[in-house]
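Numbering (this note's numbering), first residue to last: 38 to 677.
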Amino acid sequence: MNRYEELGLKVGLELHQQLNTKSKLFCSCPTMLKDDEPDVVFIRYLRPTRSELGAVDEAALLEYEKGKAYVYQAYSDITCLVEMDEEPPHALNEEALDIALQIALMLKAQVPDVVQVMRKVVIDGSNTTGFQRTAVVAVGGPESVIQDPEGPVHIQTICLEEDAARKISESEDKVVFKLDRLGIPLIEVSTAPEIKTPEQAQRVALKIGQLFRILGKVKRGIGTIRQDINISLAKGGKVEIKGVQDLELISKVVELEVQRQLKLLEIRDELKRRGVVDVKSDIVDVSDVFKNTKSKIISQGLQRGHKVMAIKLEGFAGLLGVEIQPGRRFGTELKDYAVVWGGVKGLFHTDEMPAYGITEAEVSELKKRLGCGPNDASVFVVDNEERAVKALQAVLRRCRDALRGVPDETRAANPDGTTRYMRPRPGASRMYPETDVRPIVITKERLERLARSLPEMPEEKLKRFVEEYGLSKDLALLMINSYRLDLFERIVSEVPEVSPMIVATTLEYTWKSLKREGVPLEQVDETRLLEMFKALGKGLMAKEAIPDVLKAMAENPNASLQEILEKLGLRALSLDEVRALVDRIIEENADVLKERGDRAFKVVMGRVMSVLRGKVDGKLVSEVVRERVEHFVRARVGVK
Ligand SMILES: [Zn+2]
Numbered sequence: 038m039n040r041y042e043e044l045g046l047k048v049g050l051e052l053h054q055q056l057n058t059k060s061k062l063f064c065s066c067p068t069m070l071k072d073d074e075p076d077v078v079f080i081r082y083l084r085p086t087r088s089e090l091g092a093v094d095e096a097a098l099l100e101y102e103k104g105k106a107y108v109y110q111a112y113s114d115i116t117c118l119v120e121m122d123e124e125p126p127h128a129l130n131e132e133a134l135d136i137a138l139q140i141a142l143m144l145k146a147q148v149p150d151v152v153q154v155m156r157k158v159v160i161d162g163s164n165t166t167g168f169q170r171t172a173v174v175a176v177g178g179p180e181s182v183i184q185d186p187e188g189p190v191h192i193q194t195i196c197l198e199e200d201a202a203r204k205i206s207e208s209e210d211k212v213v214f215k216l217d218r219l220g221i222p223l224i225e226v227s228t229a230p231e232i233k234t235p236e237q238a239q240r241v242a243l244k245i246g247q248l249f250r251i252l253g254k255v256k257r258g259i260g261t262i263r264q265d266i267n268i269s270l271a272k273g274g275k276v277e278i279k280g281v282q283d284l285e286l287i288s289k290v291v292e293l294e295v296q297r298q299l300k301l302l303e304i305r306d307e308l309k310r311r312g313v314v315d316v317k318s319d320i321v322d323v324s325d326v327f328k329n330t331k332s333k334i335i336s337q338g339l340q341r342g343h344k345v346m347a348i349k350l351e352g353f354a355g356l357l358g359v360e361i362q363p364g365r366r367f368g369t370e371l372k373d374y375a376v377v378w379g380g381v382k383g384l385f386h387t388d389e390m391p392a393y394g395i396t397e398a399e400v401s402e403l404k405k406r407l408g409c410g411p412n413d414a415s416v417f418v419v420d421n422e423e424r425a426v427k428a429l430q431a432v433l434r435r436c437r438d439a440l441r442g443v444p445d446e447t448r449a450a451n452p453d454g455t456t457r458y459m460r461p462r463p464g465a466s467r468m469y470p471e472t473d474v475r476p477i478v479i480t481k482e483r484l485e486r487l488a489r490s491l492p493e494m495p496e497e498k499l500k501r502f503v504e505e506y507g508l509s510k511d512l513a514l515l516m517i518n519s520y521r522l523d524l525f526e527r528i529v530s531e532v533p534e535v536s537p538m539i540v541a542t543t544l545e546y547t548w549k550s551l552k553r554e555g556v557p558l559e560q561v562d563e564t565r566l567l568e569m570f571k572a573l574g575k576g577l578m579a580k581e582a583i584p585d586v587l588k589a590m591a592e593n594p595n596a597s598l599q600e601i602l603e604k605l606g607l608r609a610l611s612l613d614e615v616r617a618l619v620d621r622i623i624e625e626n627a628d629v630l631k632e633r634g635d636r637a638f639k640v641v642m643g644r645v646m647s648v649l650r651g652k653v654d655g656k657l658v659s660e661v662v663r664e665r666v667e668h669f670v671r672a673r674v675g676v677k
């Protein structure tokens, strides 16, 4: 049993992939994003009724209580009244439904006779309607599994959904969204919580992502695939992590969540040892402690009429400074709660004092005021009284949860694989039928037609890569399982003059070794990669130069390929220039050539390549050297 099995780790995935359809899910607007100034801007305040919410949903209420204004940006050419919720949705996009049904067929899932669109309550403003439209297109059957060395993982559901509006900015009183993304079709594939290790989670996600790409009707690039990860430990909590954008980050996110939960359990045990059974504190105005403070944040707050409000955390001394994820302490978790529930910018705690211009004397006065003993900590906030009180109440709730271990939460992924608190886990009863969209009957004929046009499955591809492209079985297998599979196929078809072997080697071996060196290859987009292979095909650079060129492209995202080749001294040499260089080296080594006779070729080739490596294809150089050496020898014989 490995460590994760001992801990009872269970992971389930939800992958969301944007589809590259001609139009959106419920209107005929194009599926494209736009960064121009909007043509239309309008404001809404969402007020969900209790009946729409069904059972009272803590997560929904939290959003509602913030009382924010939602500002929407729209365009006259790429958005319409449907996105603005001024017109009912049109019929479900049949092209998108076909793609979702094909994914269902590829996963051997069971398609219902009728697909019914539902409304899922979302009140963070990301949907103008206050709900997201979603339809179950298929449910997993006994054969709907992703095979994996650590055990099969079942597919639970395949849904077709509309993407939400794009959040542009957020401030204290308003959130700005752009409507271009709202309504772009998304496929959601969710797995059973059968994944047992971080690595397995990543492999399963990559395999599902690969199915999407094999189908070839999906969007690519940052933000077009997003996954939510459900994680639980036997003794920990149930946590949903939202919005992981990079499939290759999944194992790290899972690993860091396991670490976080274990640290929280350690904190719980330590609190038990210390005999802490409850967390109670008055929320005390301690502004006068800081009336002469040198801390800028505090003095500026006080000048604005804000207050310093504080609580005592009995038995928590030293625990707020415990690191629970890289760069994140238990105090950071408390801060997340204060920010989300109180709308404050941050908090201070005594485990990090003295700091931020706050002196030892101020800290001891604060502790005295709250009646803190040596085992007690304090958290304090500078803001208007209402926000500060809400924030500290949330901190007290979070600290009470610490006595039980790991609270169930929805968390958001940070780019480094750590996570931050977002909101409580949503309740279950948030779906009801969308009466504006007719249910769609799925006929047997339709499924048969789609089954006939399914793409080549991985096993057939493997065979073709070995037989047609001459890849070794290992490399072909790597390529089939690669995140860059469709890129490989695109390059091979668009640049037939470059051997598929070179393309595969570059996208797998070279790619991975450069990544290990820390080269930011995510900066190199598909178009630039294609450009590099075209240059290779035209003989403008040699294959030996690929690692250097990739590295330079990653590090200079704005430089053109031309500039990079010049910068690296990889300007292509003309045939005449190569000849001239070879002749010069022959002249310089004339004595050696006389003595070594027919071995001259090897000597000259070695010297020439030490100058030209990476600049000119080795095969071309060898042809030139052979020709020039023969010419030299003949000339000498002629002289005799
Ligand atoms: Zn529209």
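Positions of the beta carbon are idealized from the N, C-alpha and C atoms, including for glycine.
For ligand 1, residues whose Cβ lies under 7 angstroms from any non-hydrogen atom: Result: Lys-61, Cys-64, Ser-65, Cys-66, Thr-116, Cys-117, Val-119, Glu-120 and Gly-220.
Check whether the stretch 374-381 and the stretch 416-429 touch, using three or more Cβ-Cβ pairs below 8 angstroms as the test. Counting Cβ pairs under 8 angstroms, three or more are found: they touch.
Skipping 5 residues on each side, what residues in its chain have a beta carbon closer than 8 angstroms to that of Ala-589? As a first step, residue 589 must be located in the sequence shown, where it is residue number 552. Excluding sequence neighbours, Ala-589 sits near Ala-596, Ile-601, Lys-604 and Leu-605.
Give the DSSP-derived three-state secondary structure of Ala-347 in the structure shown. Indexing the sequence shown from 1 puts residue 347 at position 310. Note: Ala-347 maps to strand in three-state DSSP.
Assuming the contact rule is C-beta atoms closer than 8 angstroms, Met-578 and Leu-607 should be a hit. Round their C-beta distance to whole Å, please. Position 541 of the sequence shown, counted from the first residue, corresponds to residue 578. Position 570 of the sequence shown, counted from the first residue, corresponds to residue 607. Their Cβ separation, rounded to whole angstroms, is 5 angstroms, which keeps Met-578 and Leu-607 in contact under 8 angstroms.
In angstroms with no decimal places, state the Cα-to-Cα distance between Gln-430 and Pro-411. Looking up residue 430 in the sequence shown gives position 393. Looking up residue 411 in the sequence shown gives position 374. In this model, Gln-430 and Pro-411 are separated by some 23 angstroms (Cα to Cα).
Below 8 angstroms on the Cβ atoms is my contact criterion, and I expect Leu-223 with Gln-54 to pass it. Report the Cβ-Cβ distance as a whole number of Å. On the sequence shown, position 186 is the one that residue 223 refers to. On the sequence shown, position 17 is the one that residue 54 refers to. Between Leu-223 and Gln-54 the beta-carbon gap is near 7 angstroms, inside 8 angstroms, which marks them as a contact.
Tell me the DSSP bridge mates of Ser-269? As a working mapping, residue 269 is identified with position 232 in the sequence shown. DSSP output for Ser-269 lists Lys-47 and Lys-275 as bridge partner(s).
Which residues DSSP lists as bridging Val-281, in chain order: For the purposes of this step, residue 281 is identified with residue 244 of the sequence shown, where counting begins at 1. Note: Val-281 sits in a beta bridge opposite Gln-264.
Out of Gly-49, Ala-541 and Arg-644, state which residue places its alpha-carbon closest to the alpha-carbon of Glu-231. Mapped onto the sequence shown, residue 231 falls at position 194. Residue nearest to Glu-231 within the set Gly-49, Ala-541 and Arg-644 is Gly-49 (criterion: CA-CA distance).
Using a Cβ-Cβ cutoff of less than 7 angstroms, which residues in the same chain neighbour Glu-43 once the five nearest sequence positions on both sides are dropped? Within the sequence shown, residue 43 is the residue found at index 6, counting from 1. Correct list: empty, nothing qualifies.
Taking DSSP as the reference, what is the three-state secondary structure of Leu-118? As a working mapping, residue 118 is identified with position 81 in the sequence shown. Secondary structure of Leu-118 (DSSP, three-state): coil.
Quick one: residues in its chain with C-beta nearer than 7 angstroms to the C-beta of Ala-541, no 5 flanking neighbours on either side, listed in chain order? As a first step, residue 541 must be located in the sequence shown, where it is residue number 504. Once the five neighbours on either side are set aside, the close Cβ partners of Ala-541 are Leu-508, Leu-512, Met-516 and Phe-525.
Residue environment, Ala-92, which counts as buried when at least 16 other CB atoms sit within 10 Å: Counted from its first residue, the sequence shown places residue 92 at position 55. For Ala-92, the predicted model reports a pLDDT of 49, less than 50, meaning its position is unreliable and no value from the coordinates is stated.
So for Lys-204, helix, strand or coil by DSSP? In the sequence shown, counting from the first residue as 1, residue 204 sits at position 167. In the three-state scheme derived from DSSP, where H, G and I count as helix and E and B as strand, Lys-204 is classed as strand.
Could you tell me which whole beta strand (DSSP E) segments of length 3 or greater appear in the stretch 313-393? Within the stretch 313-393, the runs of beta strand (DSSP E) that reach at least 3 residues and sit entirely inside it are, in chain order, 344-350 and 360-362.
To the nearest angstrom, how far is the alpha carbon of Ala-146 from that of Leu-356? Position 109 of the sequence shown holds residue 146. Position 319 of the sequence shown holds residue 356. Within the model, the alpha-carbon separation for Ala-146 versus Leu-356 is close to 48 angstroms.
Host alpha helix (DSSP H) of Glu-485 (start-end): Here residue 485 refers to the residue found at position 448 when the sequence shown is read from its first residue. Counting along the chain, the alpha helix (DSSP H) containing Glu-485 begins and ends at 481-489.
Round the Cβ separation of Asp-620 and Arg-665 to the nearest angstrom and send it over; I've been treating them as touching at under 8 angstroms. Your numbering for residue 620 matches position 583 in the sequence shown. Your numbering for residue 665 matches position 628 in the sequence shown. 6 angstroms between Cβ atoms; contact.
Nearest by alpha-carbon distance to Ala-175: which of Glu-592, Arg-156 and Ile-136 is it? Reading the sequence shown from its first residue, position 138 is the one you call residue 175. Nearest C-alpha to Ala-175: Ile-136.
Would you check if the distance between the CB atom of Ile-251 and the CB atom of Pro-594 is smaller than 8 angstroms? Within the sequence shown, the letter at position 214 stands for residue 251. Within the sequence shown, the letter at position 557 stands for residue 594. Contact: no.
Hey, which unbroken runs of the alpha helix (DSSP H) at 4 residues or more fall wholly within the stretch 487-513? Within the stretch 487-513, the alpha helix (DSSP H) runs of at least 4 residues that lie entirely inside it are, in chain order, 495-504.
Identify the residues that DSSP records as bridge partners of Arg-435: which are they? Against the sequence shown, residue 435 aligns to sequence position 398. Note: Arg-435 sits in no beta bridge, so no partner.
Gly-188 classed as buried or exposed, judged by whether at least 16 other C-beta atoms fall within 10 angstroms: Here residue 188 is taken as the residue at index 151 of the sequence shown, counted from 1. Counting Cβ neighbours within 10 Å, Gly-188 comes out exposed, since fewer than 16 surround it.
What's the gap between the Cα of Leu-573 and the Cα of Arg-501? One-based indexing of the sequence shown puts residue 573 at position 536. One-based indexing of the sequence shown puts residue 501 at position 464. Those two C-alpha atoms are separated by around 24 angstroms.
Would Ile-335 and Glu-294 qualify as a contact pair, given that the criterion is a beta-carbon distance under 8 angstroms? Taking the sequence shown and counting its residues from 1, one reaches residue 335 at position 298. Taking the sequence shown and counting its residues from 1, one reaches residue 294 at position 257. No, they are not a contact pair.
So the beta strand (DSSP E) Ala-450 belongs to, where does it begin and stop? On the sequence shown, residue 450 is found 413 positions in, with the first residue counted as 1. Counting along the chain, the beta strand (DSSP E) containing Ala-450 begins and ends at 446-450.
So Ile-195 is in the alpha helix (DSSP H); what residue range does that whole segment cover? Counting from one through the sequence shown, the residue named residue 195 turns up at place 158. For Ile-195, there is no enclosing alpha helix (DSSP H); the enclosing beta strand (DSSP E) has its first and last residue at 190-199.
Please classify Asn-130 as buried or exposed, where buried requires at least 16 other C-beta atoms within 10 Å of its C-beta. Along the sequence shown, one-based indexing puts residue 130 at 93. Counting Cβ neighbours within 10 Å, Asn-130 comes out buried, since at least 16 surround it.
May I ask which residues mark the beginning and end of the beta strand (DSSP E) holding Met-155? As a working note, residue 155 is residue 118 in the sequence shown. If you look at Met-155, you'll find it in the beta strand (DSSP E) that goes 154-158.
Close Cβ partners of Glu-397 (< 8 angstroms) along its chain, the five nearest in sequence each way excluded: Taking the sequence shown and counting its residues from 1, the one referred to as residue 397 is at position 360. Only Met-390 and Pro-391 meet the Cβ criterion.
Check whether the stretch 206-218 and the stretch 156-167 touch, using three or more Cβ-Cβ pairs below 8 angstroms as the test. In this structure the stretch 206-218 touches the stretch 156-167; the number of beta carbon pairs closer than 8 angstroms is three or more.
Bridge partners for Val-400 per DSSP, in chain order? As a first step, residue 400 is located in the sequence shown; it is residue number 363 there, counting from the start. In DSSP, Val-400 forms no bridge with anything.
Below 8 angstroms, can you find three or more Cβ-Cβ pairs linking the stretch 438-455 to the stretch 107-122? The stretch 438-455 makes no contact with the stretch 107-122: fewer than 3 CB pairs, one atom from each, lie closer than 8 angstroms.
Please report how far the alpha carbon of Val-535 lies from the alpha carbon of Asp-562, in whole angstroms. Here residue 535 corresponds to residue number 498 of the sequence shown, with the count starting at 1. Here residue 562 corresponds to residue number 525 of the sequence shown, with the count starting at 1. If you take the alpha carbons of Val-535 and Asp-562, they lie about 19 angstroms apart.
Boundaries (first-last residue) of the beta strand (DSSP E) holding Lys-61: Within the sequence shown, residue 61 is the residue found at index 24, counting from 1. No beta strand (DSSP E) holds Lys-61; DSSP gives it neither H nor E.
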